[in-house]
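Chains Y and P, in that order, give the protein sequences.
Count the first sequence with this note's numbering and you get residues 118 to 391, in order.
Count the second sequence with this note's numbering and you get residues 10 to 317, in order.
For each residue, glycine too, the CB sits at the ideal point set by N, CA and C.
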Amino acid sequence: MTALSTKPTDMETSSIDTKSIESKYKMIAENVTVSYDGIDAVKNVTMKFKEKSVTALIGPSGCGKTTFLRCLNRMHDMTKNAKVTGKVMIDDIDLYSKDIDPIYHRRKVGMVFQKPNPFPTMSIFDNVTAGLRLNGVRDKRILDEIVEDSLKMAYLWDEVKNDLKKSAIELSGGQQQRLCIARALAIQPEVLLMDEPASALDPIATQKIEETITELKKDYAIIIVTHNMQQAIRVSDYTGFMYLGDLIEFRETKKLFTDPKDELTAKYVQGHFG
Amino acid sequence: MNSIQNRRQEYRSLFKQNVAKRLLVDKIVRIIVFSCVIIAIIPLGSILVEVFKNGITAISIEFLTETPGSAGSGEGGIGPAIQGTLIIIGLSSLIGVPIGVMSGIFLSEYGDNKLARSVRFFNDVFMEFPSIILGIFAFLIIVLVLGHFSVWAGAFALSLIMFPIVARTTEESLKMVPITYREAGTALGLTKWIITFRIIISAAKSGMITGILLSVSRIGGETAPLIMTILGSSQFFSSMDTPMDALPLRIWRLSLLPYDSAQLQGWGAALVLIIIILGINLGVRYYFSNKKNLFFGKLIKQRRNTIK
Numbered sequence: 118m119t120a121l122s123t124k125p126t127d128m129e130t131s132s133i134d135t136k137s138i139e140s141k142y143k144m145i146a147e148n149v150t151v152s153y154d155g156i157d158a159v160k161n162v163t164m165k166f167k168e169k170s171v172t173a174l175i176g177p178s179g180c181g182k183t184t185f186l187r188c189l190n191r192m193h194d195m196t197k198n199a200k201v202t203g204k205v206m207i208d209d210i211d212l213y214s215k216d217i218d219p220i221y222h223r224r225k226v227g228m229v230f231q232k233p234n235p236f237p238t239m240s241i242f243d244n245v246t247a248g249l250r251l252n253g254v255r256d257k258r259i260l261d262e263i264v265e266d267s268l269k270m271a272y273l274w275d276e277v278k279n280d281l282k283k284s285a286i287e288l289s290g291g292q293q294q295r296l297c298i299a300r301a302l303a304i305q306p307e308v309l310l311m312d313e314p315a316s317a318l319d320p321i322a323t324q325k326i327e328e329t330i331t332e333l334k335k336d337y338a339i340i341i342v343t344h345n346m347q348q349a350i351r352v353s354d355y356t357g358f359m360y361l362g363d364l365i366e367f368r369e370t371k372k373l374f375t376d377p378k379d380e381l382t383a384k385y386v387q388g389h390f391g
Numbered sequence: 010m011n012s013i014q015n016r017r018q019e020y021r022s023l024f025k026q027n028v029a030k031r032l033l034v035d036k037i038v039r040i041i042v043f044s045c046v047i048i049a050i051i052p053l054g055s056i057l058v059e060v061f062k063n064g065i066t067a068i069s070i071e072f073l074t075e076t077p078g079s080a081g082s083g084e085g086g087i088g089p090a091i092q093g094t095l096i097i098i099g100l101s102s103l104i105g106v107p108i109g110v111m112s113g114i115f116l117s118e119y120g121d122n123k124l125a126r127s128v129r130f131f132n133d134v135f136m137e138f139p140s141i142i143l144g145i146f147a148f149l150i151i152v153l154v155l156g157h158f159s160v161w162a163g164a165f166a167l168s169l170i171m172f173p174i175v176a177r178t179t180e181e182s183l184k185m186v187p188i189t190y191r192e193a194g195t196a197l198g199l200t201k202w203i204i205t206f207r208i209i210i211s212a213a214k215s216g217m218i219t220g221i222l223l224s225v226s227r228i229g230g231e232t233a234p235l236i237m238t239i240l241g242s243s244q245f246f247s248s249m250d251t252p253m254d255a256l257p258l259r260i261w262r263l264s265l266l267p268y269d270s271a272q273l274q275g276w277g278a279a280l281v282l283i284i285i286i287l288g289i290n291l292g293v294r295y296y297f298s299n300k301k302n303l304f305f306g307k308l309i310k311q312r313r314n315t316i317k
């Protein structure tokens, strides 16, 4: 494993590489249906996520955005009464086929949760490196490099570089969330799932996270659930609007917000309901 | 007029009623709670005071190290009993704690099925079993089969008392750890056992330690199962296959003797037992509360550094 190629120092000068958006699909969800105790929470959703792009999922509370997001790395395996049908292809491998070990493929898919959840008994350093150390990476040089790179990408490095040994729960809520982003980046995923990552952050931290997302786009496929439509407009290339478990509309962000095809989408993006 | 505003005024006035009465009830409840605590503490405190007052006069170096003298002579000590108690607690913990912790992990992390529900039920029943029955059980399957009293039988009986307590408290403390940590670990591509052993257990550590200490204190004072298994002895430990002494047994025997000197020694032995249990509790808590003092942690770090 080598050090990450992207450094935050060249973030300001970077521009979005529009050509790379034309590239192939990184992840494809086909006819995904999720039901809890027989009641469908996500209904037959098909979405394709391109490499090096940001896709936002928007929609009112309870529309199934988060439930759908959690399908993309088989987090529903942990919920006993949830049943998932359909396909989730990552690099032509179906995550849900019988002979696949989800443990291996989850390492390709990083996830940031809505509420910050750093491991409470670990230091900052140990939190960032948890996914590596606990999977057997011991080389101190590599761990040090990854900690620095990941924390810089999550815009936390300057605030914690002098006390990496400090317990993670001594950080503020916003710092904890950025630590969780760093932790997810440290396993060098190819796809990054974010479940309202900025809902616990102040505007400045939110702006930093959004800059991070824009920067990470060079290397990752990012799928972000958000309540904040302005945020979806700012960071995403594609936006999917979900309502009551259905994917109503899924298009380029600009088009979805300026020229929605569906009446429901139009009402939602204009703020008539939410 | 505007009816909702009038009603709101009415509702607000409701909150001003009975203020004096509510404050009084608050005070009364507080008094009841405090007096119950005091009622509970008085007997506990007086036992401690009594044991300390009577026991302290019996304690000397000879009393702590020598074998018992002839009955009623007031000579000799409880050396074999102290040694035996430490051996039996250590041995029972070695058997009972790992099995209990593993069962607790099973119940908490893999416990959403029929097998686990029945295990949990029998575990709870087992926890309330009279200890003499466990002693008789150990007597039947070990002592009678081997043909002699045995330290193993004692450790077996006491570990049977330990492991349901450890299993239950472990399960409860693991369940207290929020699911979000398990999710975070899962999303990092970690296997279930690594999540459980490296993340969840360290978060649940203090609750688990409390349970283990509770079970150690419980077996430290058990007498009945020991009568059936290690019998008691006035000699120091010689082998696993001969009778051994333990403090609860010695206290029981001394208290049955009609001599004042023996009774005094009994008080002394009781005081020693309390101090041992207290010492184990405080020691273990101190050891785990202060990470920098982790002896083994230091050793491991030194070893790692020398390897580099």
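{"Item": "Neighbourhood of Leu281 of chain Y by C-beta distance below 6 Å, restricted to the same chain and skipping five residues each side", "Value": "Ile241, Phe242"}
{"Item": "Pair within 8 Å by beta-carbon distance, Ile151 of chain P and Ser140 of chain P", "Value": "no"}
{"Item": "Of the listed residues Y:Ile326, Y:Lys141, Y:Lys143, Y:Val226, nearest to Leu273 of chain Y (C-alpha basis)", "Value": "Y:Ile326"}
{"Item": "Delimiting residues of the beta strand (DSSP E) encompassing Thr202 of chain Y", "Value": "199–207"}
{"Item": "N- and C-terminal bounds of the beta strand (DSSP E) containing Tyr142 of chain Y", "Value": "142–153"}
{"Item": "Chain Y residues whose Cβ lies nearer than 7 Å to that of Leu124 of chain P", "Value": "The contacting residues do not exist; Leu124 of chain P stays about 15 Å from chain Y at best."}
{"Item": "Helix, strand or coil at Tyr385 of chain Y [DSSP, three-state]", "Value": "helix"}
{"Item": "Strand pairing of Lys167 of chain Y, partner residues [DSSP]", "Value": "Y:Tyr142"}
{"Item": "Cβ of Pro237 of chain Y within 8 Å of any chain P Cβ", "Value": "yes"}
{"Item": "Cβ neighbour criterion (16 or more within 10 Å) applied to Ser214 of chain Y", "Value": "exposed"}
{"Item": "Gly248 of chain Y: contacting residues in chain C (beta-carbon distance under 8 Å)", "Value": "Protein chains Y and P are contained in the structure displayed, whereas chain C is not."}
{"Item": "Arg368 of chain Y, enclosing beta strand (DSSP E) - first and last residue", "Value": "363–369"}
{"Item": "CA-to-CA distance, Glu180 of chain P to Ser114 of chain P, given in whole angstroms", "Value": "The question names Ser, but residue 114 of chain P in the sequence shown is Ile. Their Cα atoms are separated by approximately 6 Å."}
{"Item": "Neighbour list for Arg207 of chain P in chain Y, Cβ cutoff strictly below 7 Å", "Value": "Leu251"}
{"Item": "Beta carbon of Met359 of chain Y nearer than 8 Å to that of Cys180 of chain Y", "Value": "yes"}
{"Item": "Per-residue burial, Ala49 of chain P [other beta carbons within 10 Å of its own, 16 or more giving buried]", "Value": "exposed"}
{"Item": "Residues of the region 266–277 of chain P with Cβ closer than 8 Å to any Cβ of chain Y, in chain order", "Value": "none"}
{"Item": "Cβ-based neighbour list, Ala213 of chain P, same chain, cut-off 6 Å, excluding 5 preceding and 5 following", "Value": "Ser182, Leu183, Val186"}
{"Item": "DSSP-derived helix/strand/coil call for Phe245 of chain P", "Value": "coil"}
{"Item": "Buried/exposed call for Asp376 of chain Y, threshold 16 Cβ in 10 Å", "Value": "exposed"}
{"Item": "Beta-carbon proximity check, Met253 of chain P vs Gly144 of chain P, cutoff 8 Å", "Value": "no"}
{"Item": "Inter-residue CB distance, Cys188 of chain Y and Val205 of chain Y (contact presumed, cutoff 8 Å)", "Value": "6 Å"}
{"Item": "Whole-angstrom distance between Gln292 of chain Y and Tyr119 of chain P, CA atom to CA atom", "Value": "33 Å"}
{"Item": "Proximity test, Cβ basis, 8 Å: Glu118 of chain P and chain Y", "Value": "no"}
{"Item": "Buried/exposed call for Glu332 of chain Y, threshold 16 Cβ in 10 Å", "Value": "buried"}
{"Item": "Nearest-angstrom beta carbon gap, Val342 of chain Y and Lys160 of chain Y [assumed within contact, 8 Å]", "Value": "Contact doesn't hold; Cβ gap of about 17 Å is too wide."}
{"Item": "Per DSSP, the bridge partner or partners of Phe358 of chain Y", "Value": "Y:Ile175, Y:Glu366"}
{"Item": "Tyr153 of chain Y versus Lys123 of chain P: straight-line alpha-carbon distance, rounded", "Value": "21 Å"}
{"Item": "Cutoff 8 Å: Tyr190 of chain P Cβ touching any chain Y Cβ", "Value": "yes"}
{"Item": "Which of helix, strand or coil DSSP assigns to Leu155 of chain P", "Value": "helix"}
{"Item": "Selection from Y:Asp194, Y:Ala247, Y:Gln294, Y:Gly253 that minimises the alpha carbon distance to Ser316 of chain Y", "Value": "Y:Gln294"}
{"Item": "Three-state secondary structure (DSSP) of Asn290 of chain P", "Value": "helix"}
{"Item": "C-beta neighbour in chain Y for Trp203 of chain P, strict 8 Å", "Value": "Inspection of the sequence shows that residue 203 of chain P is occupied by Ile rather than by Trp. At least one chain Y Cβ lies under 8 Å of Ile203 of chain P."}
{"Item": "Test item: CB-CB of Ile87 of chain P and Ala278 of chain P under 8 Å", "Value": "yes"}
{"Item": "Identity of the residue in P:Gly198, P:Val28, P:Ile97, P:Pro267 nearest Leu256 of chain P by Cα", "Value": "P:Ile97"}
{"Item": "Contact set for Ile138 of chain Y: own chain, Cβ-Cβ below 7 Å, skip 5 residues either direction", "Value": "Residue placement at Ile138 of chain Y is flagged as unreliable, the pLDDT there being 41, under the threshold of 50; the coordinate-derived value follows with that caveat. Closer than 7 Å at the Cβ level, and outside the excluded window around Ile138 of chain Y, lie Lys167, Lys169, Ser170, Asp354."}
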